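Participant: Numbering (this note's numbering), first residue to last: 2 to 613. Heads up, the beta-carbon is just placed ideally off N, CA and C, and yes, glycines get one too. Computed from a predicted model, the values in this text were never measured in an experiment.
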Amino acid sequence: MKNAGSPNGIPVSPLLNSLEIAEGNIKKPFILKGRLLTISAYAVLVAVAISFIAKVLVSLINLVTNIAFFGSISLAFHSPANNHLGVWVIVIPAIGGIIVGLMALYGSKAIRGHGIPEAMEQILVNESSIKPSITLLKPISSAIAIGTGGPFGAEGPIIATGGALGSTLGQIFKVTANERKIILAAGATAGMSAIFGTPIAAIFLAIELLLFEFSPRAILPVALACITGAAGHHLLFESGPVFEMPGVAVPSNLALGIYSFMGIVIGFLSLGITKIVYWIEDLFEKLPIHWMWWPAIGGLAVGIIGFYAPHTLGVGYDNITGILSGTWPLTLVLSLCIFKFISWAIALGSGTSGGTLAPLLTMGGAAGAVIGMVVLKFFPDAGINIPLAALIGMSAMFAGASRAYLTSIVFALEATMQSHALLPLLGACTGAYIVSFFLMENTIMTEKIARRGVATPDSFEPDLLQKLLVSQVITDDDTILNQNIIIREARERIGSGKTNQNHFIVVTDQNEYAGSVKLADIYNNTTDDSKPLKELVTIDTVSALKGTDTLRRAIEKMSKAGAEILPVLSNHNKVIGVLSYKDIINAYTQNIKKNESAHVKISLKRRRRAKI
């Protein structure tokens, strides 16, 4: 157990920069303040950079749009729906698709897709390492795809770009894979915050879709990055809600019930949308031509639809504001919902570069507004508000398609600043989430990577090993030997116990921890078996404390020190037991079986009651 070149025989690795070693023992783990500040500084640095990149991306989209649809060089926003190209508008998205295909072929294939799934995959399988070239290629390819009429939002590309920038910074500096994950998530969510000015929703997005954890070491850097991104939004874009809408009054109980039911309906729609998107993607996979040409084919479909329904072209943030105004006629809202979906699904399935959030918000808002209008048609006294119906449709669609439950609710509140919408949003998003959870195995964010064999966490349950203390599972057996017994006696005791242990804990006459001894050293033929055992003892400093250390902490200590067993000490440095890997595994298994048994008993009771 003792390694040369390390203090007290404990192997020291770079990961110990987040632990404190004092008085010969590794104390309770915590992220050092200096390290946390360093990672937070990196996160803020990435957020500042991505805020300006977000502004550049939006300006670049506007520039490409003005050149492609209006023949002018300008950074001002002009909706491609107002073009006067006539039938020639059909070829514009196809040209953009050809350019994106060439960039993917000769630049990086990773620019294809809608951002968040790609970031999730790199976190889960590649230690959060993304090629630095994506930082440049993703925003340019997205600007071309969206600027030439692609029915996407700027948020997906900027999330991917922020993630790539954070990952690149994490690769330049010496950080662990987990710290790189945090910086990646900080960059990605800072990009979302810079586009929409929704820092709290961005933090929840990081938790639900990128970090897969909730801890101070992860949340603090991400929160600082999101705050910085929001400041960048107010500095570089505008202040106030990103989606203006009329004020919302406190809804009645009847209206709340209707809004919640609408969420269920939207949940089924989100399920169908997800299935169709990946069905279309499967169809593209069967085409007998190289994938480089797929975005062009998708662009051609976008152009044809855009010729008949111009509002489906481009980012469409103005469409969201129009839907939320509650003044658009039913025919316009319904056509936008249907044709936007068809255009977006084909374009996304073709593998071009774009995002999903804005299209989902547009389709969900339109669907919510249509349902609200129908309800009012037949039940004029239902108390339904069309703008609010559109808002909960937006949020419920995102909640159902992505299962980012809290993100969906908070985003709607932050983006519109309508606090009275909280209860309707909660009811609708819960309904959509329930439908998605029970009827859809994967979400629109995870289906693609699930097909590649990548499993994504679907829950944030507490760590069982973090809940159990070492005192609950320690054993008092033959692995504890007194240092004053002779080696011959130790052999006899070990032989009678038929132990499988390779190491033994050694204590003094006062039962204080003296160190450890190897089985091989005790049975070494060259060793004089009349000598006391203490001459073979290796002085170790790794131990567990009875009242404070958890099993997870014990595993960390054992892993760092390369120990097979760990002495458990009382507050007075007395050895009260021994902990081994086998003990930990048995405790984990018993608790799992206990929980499963409890679920079975509950199920049986319900069945008996049902029979009665």
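(1) Can you tell which of 437, 284, 436 and 408 has its C-alpha closest to the C-alpha of residue 423?
(2) Grab me the residues of residue 371's own chain with a C-beta within less than 8 Å of its C-beta, minus the 5 sequence neighbours each way, in chain order.
(3) Which residue comes first and which comes last in the beta strand (DSSP E) that contains residue 230?
(4) Spell out a yes or no on whether the region 115-133 and the region 372-392 are touching, meaning 3 or more CB-CB pairs, one atom from each, closer than 8 Å.
(5) Going by the beta-carbon positions, is the gap between residue 47 and residue 188 smaller than 8 Å?
(6) Classify residue 554 as buried or exposed, calling it buried when 16 or more other Cβ atoms lie within 10 Å of its own Cβ.
(7) DSSP state of residue 568, grouped into three classes?
(8) Which value, in whole angstroms, describes the spacing of the CA atoms of residue 166 and residue 185?
(9) Hey, residue 400 and residue 406 are a contact pair by Cβ (cut 8 Å); roughly how many whole angstroms apart?
(10) If we ignore side chains and look at the alpha-carbon of each, how far apart do residue 561 and residue 579 end up?
(11) Would residue 198 and residue 231 qualify as a contact pair, given that the criterion is a beta-carbon distance under 8 Å?
(12) Under 8 Å by Cβ, that's how I've got residue 538 and residue 518 pegged, so tell me the actual separation to the nearest angstrom.
(13) How long is the line joining the alpha carbons of residue 483 and residue 547, rounded to whole angstroms?
(14) Would you give the residue range spanned by the beta strand (DSSP E) that residue 515 belongs to?
(15) For residue 112, count neighbouring C-beta atoms within 10 Å of its own C-beta (all shown protein chains included) and say buried if the count is 16 or more, exposed if not.
(16) Taking 8 Å as the limit between beta carbons, can you name the residues of its chain near residue 593, skipping five residues before and five after?
(17) Grab the span of the beta strand (DSSP E) containing residue 563 for me, first residue to last.
(18) Can you tell me whether DSSP reads residue 505 as helix, strand or coil?
(19) Please classify residue 329: is it buried, with 16 or more other beta-carbons within 10 angstroms of its beta-carbon, or exposed?
(20) Assign residue 483 to one of three DSSP states: helix, strand, or coil.
(21) Do residue 252 and residue 326 come within 8 Å of each other at the CB atom, strictly closer than that value?
(22) Going by DSSP, what residue range makes up the alpha helix (DSSP H) through residue 336?
(23) Buried or exposed: residue 525, going by 16 or more other Cβ atoms within 10 Å of its Cβ?
(24) Count the other C-beta atoms from every protein chain shown that fall within 10 angstroms of the C-beta of residue 181, then say buried if there are 16 or more, exposed otherwise.
(25) Considering just the uninterrupted stretch of the alpha helix (DSSP H) at residue 474, what are its terminal residues?
(26) Closer than 8 Å by C-beta to residue 595: which residues in its own chain qualify, once you throw out the five before and the five after it? Chain order, please.
(27) What are the start and end residues of the beta strand (DSSP E) that includes residue 578?
(28) Hey, is the region 257-274 in contact with the region 242-249, meaning 3+ C-beta pairs nearer than 8 Å?
(29) Let me know if residue 204 comes out buried or exposed under the rule of 16 or more other beta-carbons within 10 Å of its beta-carbon.
(30) Does the beta-carbon of residue 513 have 16 or more other beta-carbons within 10 angstroms, so that it is buried, or is it exposed?
(31) Where residue 192 and residue 51 are concerned, what is the direct C-alpha to C-alpha distance, given to the nearest angstrom?
(32) Within a Cβ cutoff of 6 Å, which residues of the same chain sit near residue 313, ignoring the five residues on either side of it in sequence?
(33) In terms of residue numbering, what span does the alpha helix (DSSP H) encompassing residue 295 cover?
(34) DSSP has residue 66 in a bridge; who is on the other side?
(35) Please name the residue or residues paired with residue 539 in a DSSP beta bridge.
(36) Report buried or exposed for residue 504, applying the criterion of at least 16 other Cβ atoms within 10 angstroms of its Cβ.
Facilitator: Inspection of the coordinates gives the following:
(1) Mapped onto the sequence shown, residue 423 falls at position 422. If we check each option's Cα against that of residue 423, 408 comes out closest.
(2) Along the sequence shown, one-based indexing puts residue 371 at 370. Closer than 8 Å at the Cβ level, and outside the excluded window around residue 371, lie 331, 334, 335 and 338.
(3) One-based indexing of the sequence shown puts residue 230 at position 229. Not the beta strand (DSSP E): residue 230 falls in the alpha helix (DSSP H), residues 217-237.
(4) no
(5) Your numbering for residue 47 matches position 46 in the sequence shown. Your numbering for residue 188 matches position 187 in the sequence shown. Yes, the pair counts as a contact, with Cβ atoms nearer than the cut-off.
(6) Counting from one through the sequence shown, the residue named residue 554 turns up at place 553. Result: buried.
(7) Indexing the sequence shown from 1 puts residue 568 at position 567. Note: residue 568 maps to strand in three-state DSSP.
(8) Numbered from 1 along the sequence shown, position 165 holds the residue referred to as residue 166. Numbered from 1 along the sequence shown, position 184 holds the residue referred to as residue 185. So the alpha carbons of these two residues sit roughly 7 Å apart.
(9) Here residue 400 is taken as the residue at index 399 of the sequence shown, counted from 1. Here residue 406 is taken as the residue at index 405 of the sequence shown, counted from 1. Sure, about 5 Å apart at Cβ, within 8 Å.
(10) On the sequence shown, residue 561 is found 560 positions in, with the first residue counted as 1. On the sequence shown, residue 579 is found 578 positions in, with the first residue counted as 1. One C-alpha to the other measures close to 18 Å.
(11) Stepping through the sequence shown from its first residue, residue 198 is reached at position 197. Stepping through the sequence shown from its first residue, residue 231 is reached at position 230. Yes, Cβ-Cβ distance for residue 198 and residue 231 is below 8 Å.
(12) Within the sequence shown, numbered from 1, the residue matching residue 538 stands at position 537. Within the sequence shown, numbered from 1, the residue matching residue 518 stands at position 517. 5 Å between Cβ atoms; contact.
(13) Numbered from 1 along the sequence shown, position 482 holds the residue referred to as residue 483. Numbered from 1 along the sequence shown, position 546 holds the residue referred to as residue 547. Those two C-alpha atoms are separated by around 20 Å.
(14) Here residue 515 corresponds to residue number 514 of the sequence shown, with the count starting at 1. Taken as a continuous stretch (DSSP letters only), the beta strand (DSSP E) holding residue 515 covers 514-519.
(15) Within the sequence shown, numbered from 1, the residue matching residue 112 stands at position 111. Classification of residue 112: buried, given that the 10 Å Cβ count is 16 or more.
(16) The residue labelled residue 593 in the question sits at position 592 within the sequence shown. The answer, listed in chain order, is 465.
(17) Within the sequence shown, the letter at position 562 stands for residue 563. Here residue 563 belongs to no beta strand (DSSP E), and DSSP marks it neither H nor E.
(18) Along the sequence shown, one-based indexing puts residue 505 at 504. Here residue 505 sits in strand by DSSP.
(19) Counting from one through the sequence shown, the residue named residue 329 turns up at place 328. Answer is buried; the Cβ neighbour count reaches 16.
(20) By one-based count along the sequence shown, residue 483 stands at place 482. Note: residue 483 maps to strand in three-state DSSP.
(21) Your numbering for residue 326 matches position 325 in the sequence shown. Your numbering for residue 252 matches position 251 in the sequence shown. It is not a contact, given that the beta carbons lie outside the stated cut-off.
(22) For the purposes of this step, residue 336 is taken as the residue at position 335 of the sequence shown. Per DSSP, residue 336 belongs to the alpha helix (DSSP H) from 331-350.
(23) Within the sequence shown, the letter at position 524 stands for residue 525. Per the 10 Å Cβ criterion, exposed.
(24) If you number the sequence shown from 1, residue 181 lands on position 180. The residue in question, residue 181, is buried, as its Cβ has 16 or more Cβ neighbours within 10 Å.
(25) On the sequence shown, residue 474 is found 473 positions in, with the first residue counted as 1. First-last for residue 474: undefined, no H or E at that position.
(26) Locating residue 595 in the sequence shown gives position 594, where the first residue counts as 1. None.
(27) Reading the sequence shown from its first residue, position 577 is the one you call residue 578. 576-581 is the extent of the beta strand (DSSP E) around residue 578.
(28) no
(29) Within the sequence shown, numbered from 1, the residue matching residue 204 stands at position 203. Residue 204 should be labelled buried.
(30) Your numbering for residue 513 matches position 512 in the sequence shown. That one is exposed.
(31) One-based indexing of the sequence shown puts residue 192 at position 191. One-based indexing of the sequence shown puts residue 51 at position 50. About 6 Å.
(32) For the purposes of this step, residue 313 is identified with residue 312 of the sequence shown, where counting begins at 1. Taken in chain order, the residues that qualify are 152, 306, 307, 340, 341 and 344.
(33) In the sequence shown, residue 295 corresponds to position 294, counting from 1. From DSSP, the alpha helix (DSSP H) with residue 295 extends over 295-309.
(34) The residue you call residue 66 lines up with position 65 of the sequence shown. Bridge partners of residue 66: none, in fact.
(35) The residue given as residue 539 occupies position 538 in the sequence shown. 517.
(36) One-based indexing of the sequence shown puts residue 504 at position 503. Buried.
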